[in-house]
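Numbering (this note's numbering), first residue to last: 1 to 327. Where a beta carbon is used, it is the ideal one built from N, C-alpha and C, also for glycine. Report on the following structure.
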Amino acid sequence: MTVSANLITDVPGLLVGQAEDRDALTGVTVIYPETAAVCAVDVRGGGPGTRESDALAPENLVEAIDALVLSGGSVYGLAAADGVASALGARGRGFGLIDLPGVPKSPVVPAAILYDLANGGNKGWGETPPYRALGMQALQRLDHSFTLGAAGAGIGARAGQLRGGLGSASHTTSEGWHVGAIVAVNCFGSVVMPGSDAFWAWSLEQGDEAGGVRPDPSVRVMGEDWGLAKANPAAMGRANTTIACVATDVALTPSEAKRVAQMASAGLARAIRPVFAPFDGDVVFAMSTARQRLGEPKAFNLARIGALAADCLARAVMRGVHAAKDA
């Protein structure tokens with residue numbers, strides 16, 4: 001019997017690799033399907049930064065990806081996907097309509113970035129930002145286990161006024177379907193209730209995976225009391241964004257994966273207040289490794305997968321911030 005690690009890599013067919021530049025206080029997380037995987041994306045934030053997200057539309061040619069990159073660095077961080085694509089292309093992995101001698105495949109590597117440029121790290125990199133190299137390093141470190149909290153794409157993140165981080169969680173259904181989530185939490189909004197250390201999503205916590213703090217039942221949230229949200233959002237610009245991926249080993253079509261991504265975004269709404277703001281770039285990808293079939297009734301079971309993905313994502317947010325707290 002496989003023992004759950006409560007990570008997205010509990011989904012069979014997935015590995016994760018991470019790399020950090022601790023001097024610059026930034027990093028990269030790569031989610032790697034062992035074989036090309038169906039993927040979709042749901043963009044809810046008002047200031048997103050993505051690569052190849054349009055290619056994931058169900059009506060477009062590409063139906064599967066070779067890797068997915070979550071990165072710090074704002075626009076500079078998109079170069080992490082260049083490093084991953086270059087390394088995968090050298091291995092002969094990627095999309096090609098026709099196999100032709102001497103013509104390389106085109107790896108499909110979508111990416112999303114968060115803004116960590118103003119977090120105090122040394123960003124004096126001139127014309128050589130570290131992200132391409134970090135992407136390649138992360139790809140070389142693929143494993144079933146990985147560090148939560150101040151690691152990978154979450155090393156320089158902030159969750160409101162708290163330290164943000166990299167979180168993950170998973171769930172296995174009674175029939176053995178696996179659902180998982182991974183997230184880099186760098187939100188404008190607060191993940192904890194006003195005047196409390198209890199997470200907004202505390203009721204979804206499994207055991208004490210995020211510290212086990214429970215709210216005072218007498219506490220009531222009044223009007224626009226956002227608690228430990230970042231102050232002065234207008235001045236913060238795009239200094240926010242929560243980027244995530246949910247995954248399952250149940251086979252999904254591109255359209256079904258899109259629905260799961262949309263449902264999973266509700267997990268961010270359960271864990272962060274406010275969320276999807278004009279100055280957040282919140283993005284959620286959904287991936288399928290297709291190791292098991294989606295049984296009948298399909299629509300109902302798809303709703304189950306999407307609901308579990310949302311819960312896993314909310315739990316991952318809590319775990320990421322909790323793990324980063326003492327880092």
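Give me whichever residues DSSP pairs with residue i in a beta bridge.
i	result
residue 292	250
residue 192	199
residue 31	16 and 68
residue 49	Residue 49 is not bridged to any residue.
residue 165	185
residue 286	40 and 246
residue 273	190
residue 180	170 and 247
Grab the span of the beta strand (DSSP E) containing residue i for me, first residue to last.
i	result
residue 89	Looking at the DSSP string, residue 89 is not in any beta strand (DSSP E); the run it does join, the alpha helix (DSSP H), is 79-90.
residue 328	Within the shown structure, residues of the chain are numbered from 1 to 327, placing residue 328 beyond reach of any answer.
residue 39	38-43
Please state whether DSSP places residue i in a helix, a strand or coil.
i	result
residue 25	coil
residue 10	helix
residue 262	helix
residue 237	Reliability of the predicted coordinates at residue 237 is poor, the pLDDT of 44 falling under 50, and the value obtained from them is presented with this limitation in mind. In this structure, residue 237 counts as coil in the three-state DSSP scheme.
residue 54	helix
residue 175	coil
residue 256	helix
residue 170	strand
residue 219	coil
residue 1	The pLDDT assigned to residue 1 is 41, lower than 50, so where the model puts this residue is not dependable; a value taken from the coordinates is nonetheless given after this. Looking at residue 1 - three-state DSSP - the assignment turns out to be coil, as it is neither helix nor strand.
residue 227	coil
residue 232	With a pLDDT of 45 at residue 232, under the threshold of 50, the modelled position of that residue is not reliable, and no figure is offered here.
residue 211	coil
residue 267	helix
residue 60	coil
Just reading off the alpha helix (DSSP H) that residue i is part of, what are its end residues?
i	result
residue 311	298-324
Output yes or no for whether 8 Å exceeds the beta carbon distance between residue i and residue j.
i	j	result
residue 135	residue 81	yes
residue 84	residue 67	yes
residue 260	residue 323	no
residue 312	residue 170	yes
residue 8	residue 168	yes
residue 248	residue 45	no
residue 286	residue 40	yes
residue 64	residue 24	no
residue 33	residue 291	no
residue 246	residue 284	yes
residue 166	residue 154	yes
residue 71	residue 115	no
residue 108	residue 96	no
residue 191	residue 159	yes
residue 252	residue 142	no
residue 307	residue 201	no
residue 219	residue 195	yes
residue 47	residue 280	yes
residue 204	residue 250	no
residue 51	residue 104	no
residue 20	residue 227	no
residue 156	residue 121	yes
residue 188	residue 277	yes
I want to check one thing, is the minimum distance from the CB of residue i to the heavy atoms of the ligand COA below 7 Å?
i	result
residue 180	You won't find the ligand COA in this model; it holds no ligand whatsoever.
Any beta carbon of chain D sitting closer than 8 Å to that of residue i?
i	result
residue 211	This model lacks chain D altogether; it includes just one protein chain.
So within the region 77-163, which uninterrupted alpha helix (DSSP H) runs reach at least 4 residues, ignoring any that extend past its ends? 79-90 and 131-140
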